[in-house]
Amino acid sequence: MPMIPTYINPNYFSIKIDGEVEKPVKISLDSLMRDFKPVEITSVLQCGGNSRSAFHPTPGGIQWGPGAMGCAKWKGVRLKDVLAKAGLKKNASWIKFHGLEKPVYTKTDGFVRALELSKLHDKIIIAYEMNGEALPYLNGYPVRLILPGFYSDSWVKMLSNITVTSVKPKLHFMDHAYRVPDNDCECETPDNLAPKTKPIEEMNVNSLIGYPTSGTKVKQGTELIVRGVAFDGGHGIAKVEISTDGGSSWQEAVLDDGSQGPYAYRSFRYTLKPARTGTLTIMARATNTKGETQPFAQDVKWNRGGYKYNGIDEVNVEVVS
Amino acid sequence: MKKVTMLALTATMLVTSLNAEEKKVEVQKGIKMPYMAFPMKPGKGMYSTKGKCNMCHSWGYVLNQGPQSKAFWRKKVIKMIDVFQAPIRNEDIDEVVEYLYANYGNGEEG
Chain U
1 MPMIPTYINP
11 NYFSIKIDGE
21 VEKPVKISLD
31 SLMRDFKPVE
41 ITSVLQCGGN
51 SRSAFHPTPG
61 GIQWGPGAMG
71 CAKWKGVRLK
81 DVLAKAGLKK
91 NASWIKFHGL
101 EKPVYTKTDG
111 FVRALELSKL
121 HDKIIIAYEM
131 NGEALPYLNG
141 YPVRLILPGF
151 YSDSWVKMLS
161 NITVTSVKPK
171 LHFMDHAYRV
181 PDNDCECETP
191 DNLAPKTKPI
201 EEMNVNSLIG
211 YPTSGTKVKQ
221 GTELIVRGVA
231 FDGGHGIAKV
241 EISTDGGSSW
251 QEAVLDDGSQ
261 GPYAYRSFRY
271 TLKPARTGTL
281 TIMARATNTK
291 GETQPFAQDV
301 KWNRGGYKYN
311 GIDEVNVEVV
321 S
Chain S
322 MKKVTMLALT
332 ATMLVTSLNA
342 EEKKVEVQKG
352 IKMPYMAFPM
362 KPGKGMYSTK
372 GKCNMCHSWG
382 YVLNQGPQSK
392 AFWRKKVIKM
402 IDVFQAPIRN
412 EDIDEVVEYL
422 YANYGNGEEG
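Quick note, the sequences are listed as chains U and S, same order. According to our numbering, the first sequence is numbered sequentially starting from 1. According to our numbering, the second sequence is numbered sequentially starting from 322.
Structural data, given as structure tokens:
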């Protein structure tokens, strides 16, 4: 429900860092670009509710298909370096992030997110560039928090305030939103909701077939190159397999060289020759370096928020002679 | 002499074209939010519901919830009041819930 500013003057924009720090500071956009070491990272940005519409019964929230994701090259500075400018006090334990978006009513909680200090690492950056250009306005201009491997609810846009606290802050958008059941399967049923929940945080292993799309007509006996992307929370993709017999047998697809790093899309391709005419179902399944893999779509367990869907993707093509 | 003139001419042209470029690049004073129309299903309570929901968000947010039970819609409306401070009076809740359920319901009460 945000009021999003429609104009931000980059000459006057700054990030304020306060709370449990030695010296509260304001860092201008110019200083961010000049006084800190620039770093780049290619990372997937994915909504926690990506593919929510695949859950039944329908959970509330945007009824996404599989398109609530993207992958970009982000350039910015390490959050760690920026925090060091203010100097963390010994009792610092949580970092709160707030952007320039405001709720419609002043009484409503703002979109404030928090990260436990123990989860801070070198790949978390404050980005001022996306794919070599200033961040597009609705992607969080002029700076956005980048938490590679975490779902996008953590990627605060138009980041303007960082507040360090000694205790876990009470925040609506941490304590009540973007959460899954705190049990092994991260699952529950509508009649038996899990008593405890936890933040969605790290992305689970997932893959999508980009080509062909369902309904595509392909020629019998002619090479068909299946292409798509796989990714996870940063452990890295170990393999992607393809099945054309409903998941009974799997063949390994060819992965790209992985040079974009473990947080990026790992593209895959697999060449097949459809032998018979009629409907051909193609499935893709990714496995990460931890051995975690994707369940069949019908085996994905439900949760009330419709988060973290990662069922095996399938497309149905029409093979014609 | 000819060479010098040519150089001067080239330089002038360069300056002119730079000036032209500068004029074209005006400092952008903000963006216009993209607008998408989300039509509501006509029915009893539509205008009242529209006024209450659109104070904070587009109708798209409602459509995006998918068809839901009456209990779901009631819970959502109450969440808007309790969590997001929507100024909806208690006596108006039923009308909104009835409209939502009648037009965006899944046939289940609970």
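Positions of the beta carbon are idealized from the N, C-alpha and C atoms, including for glycine.
Taking residue i and residue j to be in contact with their CB atoms under 8 Å, please state how far apart those CB atoms are, rounded to whole angstroms.
{"i": "lysine 26 (chain U)", "j": "lysine 16 (chain U)", "result": "5 Å"}
{"i": "leucine 125 (chain U)", "j": "tryptophan 94 (chain U)", "result": "Leucine is not the amino acid found at residue 125 (chain U); the sequence shown has isoleucine there. Not a contact, Cβ separation roughly 19 Å."}
{"i": "isoleucine 200 (chain U)", "j": "glycine 48 (chain U)", "result": "4 Å"}
{"i": "isoleucine 146 (chain U)", "j": "alanine 134 (chain U)", "result": "Rounded, the Cβ-Cβ distance is 15 Å, inconsistent with contact."}
{"i": "methionine 158 (chain U)", "j": "leucine 120 (chain U)", "result": "With a Cβ gap of about 21 Å, methionine 158 (chain U) and leucine 120 (chain U) do not count as contacting."}
{"i": "valine 112 (chain U)", "j": "phenylalanine 13 (chain U)", "result": "Not confirmed; about 19 Å, so no contact."}
{"i": "isoleucine 352 (chain S)", "j": "threonine 165 (chain U)", "result": "Wrong, their Cβ atoms sit about 33 Å apart, outside the cutoff."}
{"i": "glutamine 220 (chain U)", "j": "valine 320 (chain U)", "result": "7 Å"}
Given residue i, which residues of its chain have a CB within under 6 Å of its CB, disregarding the five upstream and five downstream residues?
{"i": "glutamate 429 (chain S)", "result": "Ser390"}
{"i": "glycine 70 (chain U)", "result": "Leu45"}
{"i": "serine 322 (chain U)", "result": "Chain U is shown only over 1 to 321; residue 322 (chain U) falls outside these bounds and no answer can be derived."}
{"i": "glycine 261 (chain U)", "result": "Thr42"}
{"i": "asparagine 324 (chain U)", "result": "Lying outside 1 to 321, the shown extent of chain U, residue 324 (chain U) is not represented and no answer is given."}
{"i": "glutamine 414 (chain S)", "result": "The sequence as given places isoleucine at residue 414 (chain S); glutamine does not occur at that position. Hits under 6 Å: Val398."}
{"i": "aspartate 153 (chain U)", "result": "Gly48, Tyr178"}
{"i": "glutamate 314 (chain U)", "result": "Thr281, Met283"}
{"i": "tyrosine 270 (chain U)", "result": "Val226, Ile242, Ala253"}
{"i": "cysteine 185 (chain U)", "result": "Lys301"}
{"i": "lysine 239 (chain U)", "result": "Glu252, Thr287"}
{"i": "asparagine 131 (chain U)", "result": "Ala72, Lys73"}
{"i": "proline 2 (chain U)", "result": "Glu101"}
Counting only the same chain and skipping the five closest in sequence on each side, list residues whose C-beta sits under 8 Å from that of residue i.
{"i": "aspartate 299 (chain U)", "result": "Gly311"}
{"i": "isoleucine 409 (chain S)", "result": "Lys373, Val398, Met401, Ile402, Val417"}
{"i": "tyrosine 420 (chain S)", "result": "Gly364, Lys365, Gly366, Met367, Ser369, Thr370"}
{"i": "glycine 431 (chain S)", "result": "Ser390, Lys391, Ala392"}
{"i": "leucine 224 (chain U)", "result": "Pro212, Val218, Thr271, Leu272, Lys273, Pro274, Val317"}
{"i": "lysine 196 (chain U)", "result": "Pro181, Asp182, Asn183"}
{"i": "glycine 381 (chain S)", "result": "Met357, Phe359"}
For residue i, report the span of its alpha helix (DSSP H) as first-last.
{"i": "alanine 392 (chain S)", "result": "391-403"}
{"i": "arginine 34 (chain U)", "result": "29-34"}
{"i": "phenylalanine 173 (chain U)", "result": "172-175"}
{"i": "asparagine 375 (chain S)", "result": "367-375"}
In chain order, what residues of the same chain lie with their CB nearer than 7 Å to the CB of residue i, ignoring the 5 residues before and after it?
{"i": "glutamate 241 (chain U)", "result": "Trp250, Gln251, Glu252, Ala253, Arg285"}
{"i": "glycine 149 (chain U)", "result": "Glu202, Met203, Gly233, Gly234, Tyr263"}
{"i": "lysine 89 (chain U)", "result": "Glu20, Val21, Glu22"}
{"i": "alanine 194 (chain U)", "result": "Pro181, Asp182, Asn183, Glu188"}
{"i": "proline 57 (chain U)", "result": "Pro190"}
{"i": "asparagine 424 (chain S)", "result": "Lys362, Gly364"}
{"i": "methionine 33 (chain U)", "result": "Tyr128"}
{"i": "glycine 65 (chain U)", "result": "Ser51, Ser53"}
Return helix, strand or coil for residue i, following the three-state DSSP convention.
{"i": "lysine 73 (chain U)", "result": "strand"}
{"i": "tryptophan 94 (chain U)", "result": "strand"}
{"i": "glutamine 298 (chain U)", "result": "helix"}
{"i": "arginine 304 (chain U)", "result": "coil"}
{"i": "asparagine 50 (chain U)", "result": "coil"}
{"i": "alanine 134 (chain U)", "result": "strand"}
{"i": "leucine 421 (chain S)", "result": "helix"}
{"i": "leucine 83 (chain U)", "result": "helix"}
{"i": "isoleucine 124 (chain U)", "result": "coil"}
{"i": "valine 167 (chain U)", "result": "coil"}
{"i": "isoleucine 8 (chain U)", "result": "coil"}
{"i": "valine 25 (chain U)", "result": "strand"}
{"i": "asparagine 427 (chain S)", "result": "coil"}
{"i": "leucine 255 (chain U)", "result": "strand"}
{"i": "asparagine 183 (chain U)", "result": "coil"}
{"i": "aspartate 18 (chain U)", "result": "strand"}
{"i": "lysine 119 (chain U)", "result": "helix"}
{"i": "glutamate 223 (chain U)", "result": "coil"}
So the beta strand (DSSP E) residue i belongs to, where does it begin and stop?
{"i": "glutamate 40 (chain U)", "result": "38-46"}
{"i": "methionine 283 (chain U)", "result": "278-288"}
{"i": "valine 156 (chain U)", "result": "That residue, valine 156 (chain U), is in no beta strand (DSSP E); it is neither H nor E in DSSP."}
{"i": "leucine 272 (chain U)", "result": "266-272"}
{"i": "valine 104 (chain U)", "result": "Per DSSP, valine 104 (chain U) belongs to no beta strand (DSSP E) and is neither H nor E."}
{"i": "glycine 210 (chain U)", "result": "206-211"}
{"i": "glycine 381 (chain S)", "result": "Not the beta strand (DSSP E): glycine 381 (chain S) falls in the alpha helix (DSSP H), residues 380-384."}
{"i": "proline 199 (chain U)", "result": "197-199"}
{"i": "lysine 239 (chain U)", "result": "237-243"}
{"i": "asparagine 316 (chain U)", "result": "313-320"}
{"i": "leucine 145 (chain U)", "result": "144-146"}
Quiz item: Along the segment 124-152 of chain U, what residues have a CB closer than 7 Å to any CB found in chain S?
Solution: Using a CB distance below 7 Å, the part of the segment 124-152 of chain U facing chain S consists of Tyr137, ordered along the chain.
request  = Using a Cβ-Cβ cut-off of less than 9 Å, list which residues of the segment 293-314 of chain U approach chain S; keep chain order.
outcome  = Within the segment 293-314 of chain U, no residue qualifies.
Notebook entry, point to check: Quick one, which residues of the segment 384-397 of chain S are near chain U if we go by CB-CB under 9 Å, in chain order?
Noted result: Correct list: Leu384, Asn385, Gln386, Gly387, Pro388, Gln389, Ser390, Phe393, Lys396, Lys397.
Beta carbons nearer than 8 Å to chain S: which residues of the segment 65-85 of chain U have them?
In summary, no residue of the segment 65-85 of chain U has a CB separated from any CB of chain S by less than 8 Å.
**Message:** Closer than 8 Å between beta carbons: that is the criterion. Which residues of the segment 100-125 of chain U meet it against chain S?
**Reply:** Those would be Pro103, Val104, Tyr105, Lys107, Thr108, Asp109, in chain order.
Next on the checklist: By the 9 Å beta-carbon criterion, what residues does the segment 353-369 of chain S contribute toward chain U?
Outcome noted: Within the segment 353-369 of chain S, the qualifying residues are Lys353, Met354, Pro355.
Chain-ordered residues of the segment 149-177 of chain U with a beta carbon less than 7 Å from chain S: Those would be His172, in chain order.
At a CB distance below 9 Å, what residues from the segment 402-419 of chain S approach chain U? Give them in sequence order. Of all residues in the segment 402-419 of chain S, Val404, Phe405, Gln406, Ala407, Pro408 have a Cβ within less than 9 Å of some Cβ in chain U.
Self-check item: Contacting positions in the segment 369-380 of chain S - beta carbon closer than 9 Å to chain U
Solution: Residues passing the 9 Å Cβ filter: Met376, Cys377, His378.
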